Structure formats: C-alpha cells, structure tokens
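Visitor: Just so you know, we're using my numbering here: the sequence shown kicks off at 288 and counts up by one.
Below you will find the structure I want to go over with you.
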Amino acid sequence: MRRTGEESAESSRIMLGLLDAVEQDRAQSQRLLASELGIALGLVNAYLKRCVKKGLLKVRGAPARRYAYYLTPQGFAEKSRLTVEYLSYSFGFFRQAKTDCSELFRVAKARGVSRIVMVGMSDLAEIATLCAIEQAITIVGLVQSDAQQSQFIGLPVFSDFNAVSAPFDCVLITDVNNAREACEAAVAHFGVERVLVPGLLRVRIRQQGGTAE
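Structure below.
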C-alpha cells in the first residue's frame, strides 16, 4: 500500500518530538517519551535505535539501569531540518486537502448531496468539516471502528455505518492510514456513486466491481 504524505509527516513529527525531548531532558524515560509523543513504548525504542544508528544521538549509561541520550551535532542539524520539513508539509497538506474537499463537495452539492458521513478521524476530517461549512453541506457524523471517544471535533462518532441513525447521502473517506480498505468497505455498503475520496489519498475506485487500488 502506498504511503501517504500524512504518514511521512507523522514519522517526521515523532522524530522531531523525540529529538526535541532528548535535548530538553537527556535522561527522560522511554515510557514518559511514549506518553508525551502519544505513541507505543516499543515505537519509542525503535525510533531511539534508529536515531543512534543514524548518528543523531549518542547513548550513555545512567543510574537505575536507565540510559541518557545526547544530541550530536548531526542531531541538532537534523532537528532543524525536520522542523522546516514538518511545517512545510503541514501548510502544503492543508492547502491540498482544502482544494480536494472543496471540489468534491461542490460537485456533490450539484448532484443534490447535502448530508455526508466521514470515515476516519484525522486532520483531513477536520479540514473537510471546515470545507463542508463553506459549501453548506452537513456532516452528520464520523465512523471509526476502534474509536475510544464518542465525539470528534463536535461530531458524533460511530463504530460502523449501521450505528449512524441520521440519514445521509454520501460517505467521505478521511482515513489517511487505511484509505484503500476504508474505501472498499464503503463501496461495498453503498456503491461507487455514494463514496467520495479526496485526491491526496491516492486511492482510485474502479467502476467495475467497485474495488479500490
């Protein structure tokens, strides 16, 4: 499956957050790092090893079987580069997402669509919500099978399509990590004509059979 721009940005965000945290507190525990970055403990360990291997960090023993990490000159340079890259991506992603969603909603509205359900909690979903307001389209809720919350940006969150009680016309894919799978599931439920996919997700729906690629 293709990596989306947001996946790459997430990797940059984690790396940047890790380097920044190490700069502020060299002996910070991996568990605390995981909590601050919002990722699994094992992922923190993997990123730390990657940073050491790349020469961005040096590691030394510390009391209580802990390790102290130090940014190398290369690490400081990489931190600066990642900061610029992440900010550039954020602005670029916002512009592309806004363009894609606005155009999708414009075309959908011309077809008589006025109520939409989104699939996937993400930055893309937040941007789509703003675009929907501009186009006078109602977002009735968001579907996220593994959600741990009942609301997202003020919208009700449902575990599946069957749980959505309000009527809606179309489904908008906003799942950036599993876009193809989310698209195929939506097409299986509603057919190709009722599924909207922003271009930046790089998912194409084939008309025959309704599969995504």
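Glycine residues also receive a C-beta, built at the ideal position from the N, C-alpha and C atoms.
From a predicted model like this one, the values you see are computed outputs, not experimental measurements.
Do you know how far the Cα of VAL458 is from the Cα of GLU421?
Guide: About 18 Å.
Visitor: Determine the closest residue to PHE381 out of ASP410, ARG393, ARG402 and GLY399, with distance taken between C-alpha atoms.
Guide: The shortest C-alpha separation from PHE381 is found at ASP410.
Visitor: Helix, strand or coil for GLN383? Go by DSSP, reduced to three states.
Guide: Three-state result, GLN383: helix.
Visitor: Along the chain, which unbroken stretches of the beta strand (DSSP E) at least 3 residues long are found entirely within the stretch 361-436?
Guide: List check, beta strand (DSSP E) in window: 402-406 and 425-430.
Visitor: If you drop the 5 nearest sequence neighbours on each side, which residues of the same chain put their C-beta closer than 7 Å to that of VAL388?
Guide: The question names Val, but residue 388 in the sequence shown is Cys. Once the five neighbours on either side are set aside, the close Cβ partners of CYS388 are ILE414, ALA415, CYS418 and PRO485.
Visitor: Alpha carbon to alpha carbon, what distance is there between LYS385 and SER295?
Guide: If I take the Cα positions, the gap works out to 19 Å.
Visitor: With distances taken between CB atoms, is the gap from ASN332 to GLN311 smaller than 8 Å?
Guide: Their beta carbons are not under 8 Å apart, which means ASN332 does not touch GLN311 by this criterion.
Visitor: Report the CB separation of LYS366 from LEU306 in whole angstroms; it is logged as a contact under 8 Å.
Guide: With a Cβ gap of about 4 Å, LYS366 and LEU306 count as contacting.
Visitor: Report back the beta-carbon spacing between VAL309 and TYR356 to the nearest angstrom; my notes put them in contact at under 8 Å.
Guide: Between TYR356 and VAL309 the Cβ distance is about 5 Å, and since that is below 8 Å, they are a contact.
Visitor: What do you get for ILE440, buried or exposed, if any count of 16 or more other CB atoms within 10 angstroms of its CB means buried?
Guide: ILE440 is exposed by the Cβ-count criterion.
Visitor: Take the Cβ of GLU480 as the centre, count every other Cβ of all protein chains shown within 10 Å, and call the residue buried at 16 or more, exposed below.
Guide: Its Cβ having fewer than 16 others within 10 Å, GLU480 is exposed.
Visitor: Rounding to the nearest angstrom, what Cα-Cα distance links GLY304 and MET408 in this structure?
Guide: Taking the straight line joining both Cα atoms gives about 22 Å.
Visitor: From what residue to what residue does the alpha helix (DSSP H) around PHE477 run?
Guide: Per DSSP, PHE477 belongs to the alpha helix (DSSP H) from 466-477.
Visitor: In three-state terms, what does DSSP make of ALA453?
Guide: Here ALA453 sits in coil by DSSP.
Visitor: From MET288 to LEU483, what does the alpha carbon distance come to, in whole angstroms?
Guide: With a pLDDT of 42 at MET288, under the threshold of 50, the modelled position of this residue cannot be trusted; read the value that follows with caution. Between MET288 and LEU483, the C-alpha separation is close to 19 Å.
Visitor: Short of 6 Å in beta carbon distance, which residues of its chain neighbour LEU344, apart from the five on each side in sequence? Order them along the chain.
Guide: Contacts found: CYS338, TYR356 and GLY362.
Visitor: From this set, SER432, HIS476, GLU323 and PHE448, which residue's C-alpha is nearest ASN465's C-alpha?
Guide: Considering only alpha carbons, the answer is SER432.
Visitor: Are there 16 or more other CB atoms within 10 angstroms of the CB of THR425, so buried, or fewer, so exposed?
Guide: It counts as exposed.
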